[in-house]
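Residue numbers (this note's numbering), protein chains in the order written: chain Z, 51 to 342; chain L, 185 to 502. Structure, as structure tokens:
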């Protein structure tokens with residue numbers, strides 16, 4: 051179609067010097083911005099690999115003069131007050147369990163809400179969705195008391211379970227299930243399959259992409275959660291990394307190689323996840339934006 | 185665009201369960217089946233959302249210390265205390281509300297405009313768009329704890345990189361953490377750095393959804409770049425813009441980690457945000473009734489801001 055419009059004639063070729071000149075400004079801006087976003091992360095990495103006395107030397111060495119594992123060996127061997135390795139494992143367990151719980155509960159509920167007919171379905175869905183608009187801080191006090199009465203205070207259950215009640219997963223998967231053709235289930239029903247078989251053998255296998263998106267987003271949210279773990283995880287051996295990092299910052303005050311090593315440890319898993327699941331994460335985010 | 189049309193065919197199904205309807209609708213063998221599918225989620229939903237939604241109001245009507253057996257009913261006193269000059273909580277609470285308000289006021293315009301500019305640059309036929317987009321979004325996948333300790337180090341008045349490079353440029357050292365207005369500049373700056381990519385990605389998806397034919401038509405009509413931006417891009421982005429503004433206001437109202445880690449609420453209590461004060465009051469001093477009441481007042485303030493926001497966007501549409 052583009053060839054028939056008049057604008058096609060003004061479409062510049064690749065060699066056009068005016069077009070090249072026009073690209074210099076945006077590319078300069080884009081590369082400058084890339085430096086702004088990446089340099090602080092590189093500084094964190096670089097600092098974590100220096101002996102501590104070199105972390106505050108100026109002019110700064112972006113590449114360490116002497117490489118040192120001092121920061122990492124400190125955080126990986128302290129076990130009593132700041133068991134960082136333990137926090138890392140706690141974070142891994144909590145985020146994985148949280149993502150799994152979200153996947154199981156949200157995929158089942160979303161399936162019922164998208165593909166079955168029952169009384170009160172629309173009211174129930176409206177009720178669930180309406181809670182998306184309640185700011186989370188309103189639940190802070192009551193959920194603290196509920197978690198306490200369940201005996202979950204100072205356990206990982208407190209950071210795994212309550213946050214899985216959020217409506218986002220149900221909303222997100224329901225939207226996908228609605229887009230599937232009705233014929234999928236009809237054929238299976240005629241063949242005598244029941245709802246459970248259809249869900250497990252037909253619906254879940256074709257939902258891999260949205261399930262992966264939801265899993266990754268849930269993992270990230272849980273891994274990075276800060277406020278709630280600060281107040282519900284009380285003893286050092288039960289911390290996850292975010293509250294742990296803030297404690298580490300206080301304990302190691304000016305020992306920047308240790309603090310930055312902790313920061314790197316908390317960043318590496320999510321950055322690796324981002325590297326491999328970038329498409330899912332960015333699509334998940336931009337799609338949730340278009341819904342709003 | 186396509187996602188919105190998808191719902192239609194299913195919504196039109198008759199609500200009743202009469203078998204006389206078409207055979208096209210799969211019938212559920214058991215009335216229980218939907219319930220079985222819903223049960224696990226509903227259990228979580230009831231225990232951690234429905235019950236707390238009601239329980240929170242109940243707490244706010246008491247003096248509630250979980251360590252004490254007596255939790256006397258005080259009616260609305262926790263609320264009226266927040267508006268009375270001789271209560272101990274009113275002063276610090278409104279200070280913290282003011283801090284959250286300031287942070288919102290400073291950060292939201294930047295986080296609405298800068299990501300839009302970035303998205304507009306990326307949306308030109310530029311090579312490597314995926315690469316740049318991925319780089320800008322990267323800080324967002326890190327948690328507030330990581331970016332907090334990182335920026336606390338970068339902004340350190342004596343050993344931080346930022347002051348060092350200012351020195352190279354011949355500028356004086358800035359007390360980023362300990363003095364106003366610098367503490368706000370630090371908190372807003374770190375937040376913009378952290379979340380800019382998130383908003384840019386949402387804008388970019390919105391921009392790519394605008395029909396290119398509209399731009400061609402505008403060009404044919406002789407519209408210049410600015411006119412195309414005002415008459416095609418902005419109207420096409422309106423729902424996305426509303427979403428970005430709403431989400432950014434909500435995130436700003438929830439601000440906690442940046443202040444907790446970077447400035448620790450200092451100087452004085454100037455950067456102690458509402459959430460910081462509420463959490464400290466309720467979950468550290470265990471004055472939970474008062475803290476619950478404060479959280480509803482903050483929610484109400486947020487509601488008012490959102491209503492104004494929606495009204496502004498609707499008027500622009502007429």
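For glycine and all other residues, C-beta sits at the position ideal for the given N, C-alpha and C. None of the values given here were measured: they were computed from a predicted structure.
In angstroms, rounded to a whole number, what distance separates the CA positions of residue i and residue j?
i, j, result
"residue 184 of chain Z", "residue 67 of chain Z", "54 angstroms"
"residue 332 of chain L", "residue 140 of chain Z", "21 angstroms"
"residue 208 of chain Z", "residue 190 of chain Z", "12 angstroms"
"residue 319 of chain Z", "residue 315 of chain L", "20 angstroms"
"residue 224 of chain Z", "residue 264 of chain Z", "12 angstroms"
"residue 232 of chain Z", "residue 135 of chain Z", "49 angstroms"
"residue 370 of chain Z", "residue 226 of chain Z", "As displayed, chain Z neither begins before 51 nor continues past 342, which places residue 370 of chain Z out of reach and without an answer."
"residue 298 of chain L", "residue 201 of chain Z", "46 angstroms"
"residue 226 of chain L", "residue 307 of chain L", "42 angstroms"
"residue 281 of chain Z", "residue 401 of chain L", "57 angstroms"
"residue 334 of chain L", "residue 110 of chain Z", "16 angstroms"
"residue 313 of chain L", "residue 450 of chain L", "40 angstroms"
"residue 286 of chain L", "residue 440 of chain L", "14 angstroms"
"residue 275 of chain L", "residue 281 of chain L", "10 angstroms"
"residue 408 of chain L", "residue 266 of chain Z", "42 angstroms"
"residue 101 of chain Z", "residue 114 of chain Z", "9 angstroms"
"residue 332 of chain Z", "residue 385 of chain L", "7 angstroms"
"residue 213 of chain Z", "residue 205 of chain Z", "14 angstroms"
"residue 300 of chain L", "residue 77 of chain Z", "16 angstroms"
"residue 368 of chain L", "residue 234 of chain Z", "55 angstroms"
"residue 498 of chain L", "residue 292 of chain L", "19 angstroms"
"residue 106 of chain Z", "residue 120 of chain Z", "15 angstroms"
"residue 223 of chain L", "residue 249 of chain Z", "15 angstroms"
"residue 323 of chain Z", "residue 243 of chain Z", "37 angstroms"
"residue 283 of chain Z", "residue 203 of chain Z", "7 angstroms"
"residue 354 of chain L", "residue 343 of chain L", "17 angstroms"
Would you mind giving the Cβ-Cβ distance between residue i and residue j, rounded to the nearest angstrom? I have them listed as a contact below 8 angstroms.
i, j, result
"residue 321 of chain L", "residue 381 of chain L", "4 angstroms"
"residue 137 of chain Z", "residue 290 of chain Z", "6 angstroms"
"residue 276 of chain Z", "residue 146 of chain Z", "That pair is no contact at about 18 angstroms."
"residue 176 of chain Z", "residue 220 of chain Z", "Actually they are not in contact, since the Cβ atoms of residue 176 of chain Z and residue 220 of chain Z sit about 12 angstroms apart, beyond 8 angstroms."
"residue 188 of chain Z", "residue 479 of chain L", "5 angstroms"
"residue 287 of chain Z", "residue 133 of chain Z", "6 angstroms"
"residue 192 of chain Z", "residue 236 of chain L", "3 angstroms"
Run the CB neighbour count on residue i, radius 10 Å, all protein chains shown included, and call it buried at 16 or more, exposed below.
i, result
"residue 301 of chain Z", "exposed"
"residue 230 of chain L", "exposed"
"residue 269 of chain L", "exposed"
"residue 194 of chain Z", "buried"
"residue 324 of chain L", "buried"
"residue 258 of chain Z", "exposed"
"residue 165 of chain Z", "buried"
"residue 112 of chain Z", "exposed"
Under three-state DSSP, which class holds residue i?
i, result
"residue 248 of chain L", "coil"
"residue 498 of chain L", "helix"
"residue 242 of chain L", "helix"
"residue 171 of chain L", "In the structure as shown, chain L begins at 185 and stops at 502. Residue 171 of chain L is therefore absent and cannot be evaluated."
"residue 278 of chain Z", "helix"
"residue 335 of chain L", "helix"
"residue 257 of chain L", "strand"
"residue 187 of chain Z", "helix"
"residue 294 of chain Z", "helix"
"residue 454 of chain L", "coil"
"residue 161 of chain Z", "helix"
"residue 343 of chain L", "coil"
"residue 363 of chain L", "coil"
"residue 231 of chain Z", "coil"
"residue 88 of chain Z", "helix"
"residue 205 of chain L", "Legend: pLDDT at residue 205 of chain L = 40, less than 50; position of this residue unreliable, value from coordinates given subsequently. Here residue 205 of chain L sits in coil by DSSP."
"residue 357 of chain L", "coil"
"residue 206 of chain Z", "coil"
"residue 58 of chain Z", "Because the pLDDT of residue 58 of chain Z is 43, which lies under 50, any placement of that residue in the model is unreliable, and the number read from its coordinates should be weighed accordingly. DSSP places residue 58 of chain Z in helix when its eight states are reduced to three."
"residue 78 of chain Z", "helix"
"residue 304 of chain Z", "coil"
"residue 218 of chain Z", "helix"
"residue 481 of chain L", "helix"
"residue 373 of chain L", "helix"
Would the C-beta of residue i count as close to the ligand COA, meaning under 6 angstroms from any of its heavy atoms?
i, result
"residue 290 of chain Z", "Absence of the ligand COA from the depicted structure is noted, as is the absence of any ligand whatsoever, leaving it without description."
Only counting runs of 4 or more residues, tell me where the alpha helix (DSSP H) segments fall wholly within the segment 104-133 of chain Z, in order along the chain. Correct list: 120-127.
If you scan the segment 262-324 of chain L from start to end, which runs of the alpha helix (DSSP H) of 4 or more residues do you find wholly inside it? Fully enclosed alpha helix (DSSP H) runs of 4 or longer: 274-306 and 313-321.
Just list the alpha helix (DSSP H) runs in the segment 382-409 of chain L, keeping only unbroken ones of 4 residues or longer that don't cross its boundaries, in chain order. Runs found: 396-404.
Along the segment 243-266 of chain Z, what residues have a CB closer than 9 angstroms to any CB found in chain B? Although the question refers to chain B, the structure presented lacks it and instead comprises the protein chains Z and L.
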